[in-house]
Structures are given as C-alpha cells and as structure tokens.
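Input: a single structure, listed below in structure tokens.
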Amino acid sequence: MDDIDAWVWWLIGAVGLGIPLVVTAMPEFGMLAVGAVAGAVTAGLGGGVVLQVVVFAVVSVALIAVVRPVATRHRSQRPQLATGIDALRGKQALVLERVDGSGGRIKLAGEVWSARALDTGRAYEVGQEVDVVEIEGATAIVM
C-alpha cells in the first residue's frame, strides 16, 4: 500500500463518492467528489497531506455553499413554458354548442372539445367566448 501515490487514493475516493451520487441522485456527493479530485490534483502537484485535506474541504464546502442554493432555486421554479393541458388553462375558447353544467362543445386552440360549465347553474350560448379553468380528461371546464 505504501507504493500507491496519494493522488491515486484521492481519485479512488472521488469514484467512491460518485457511486452514491449515481445511486441516490444527491448532488452533494458529486460536489464532494469534485473536492476529492481537487485533493488529487494537489497531491499530484506535490502538496502535503494537510494541504490536500484543506483543498478538499475548501472546494467541497465552496461548491455546496454556492451550487446547492442555485440548484434548489431552479428546482422550485415552475417551468416558463407550459405544455400539454397546462398550456390550455386560462385560454379563451368559442362556444360551438350550448355549454351548461351537463355539457356542450367549444373550439379551443383550433380543436373541438367537449366542455362543461364550472358553475352548474350557468349556461353559455353559441358564439360566446369562455375561459378555460381546468381540463378533466377530455372535457374543458369553462366559465
């Protein structure tokens, strides 16, 4: 074991930290693995053991302190571009057949949809514009 250089041990540690990163998808392990690679570079350049550990700690902590809050912020934001039925919420549609609490037809985004009024006591006549509030299966809920 004495004939293996310190930088090799650091790279083994980086790989060891990369495995839980892949298995658990926790980015913190990746940041620690990058810190271990920095320790390997320090060892390869001839830095002492204390310097290697300090570089590992500084790089790992810096990455966790800087990257983690940015990643958390991006993960909590909703996507800017809505697709599928999410894109249809809030759109306006044209009533093709009378729409009431039991059903009807609308033209939404160039397609004919079955529709139902959100307020079951309310009816919308042919030619009126309505707002889509929800999509339930293949039925648009309008008001």
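The opening residue of the sequence shown carries number 3 in this note's numbering; numbering runs sequentially from there. Each residue gets a CB set at the ideal place from its N, CA and C atoms; glycine is no exception. What you are looking at is a predicted structure, and each value in this text was computed from that prediction instead of being measured.
Taking the C-beta atoms as reference points, A119 is found no nearer than 7 Å to V134. Per DSSP, the beta-bridge partners of D133 are Q94.
Collapsing the DSSP output to three states places R107 in a strand. Residue burial annotation: M28 is exposed, with fewer than 16 other C-beta atoms found within 10 angstroms of its C-beta. The residue among V10, T44, A73 with its C-alpha nearest the C-alpha of M33 is A73.
Contact between I66 and E30 is confirmed by a C-beta separation of about 6 Å, below the 8 Å threshold.
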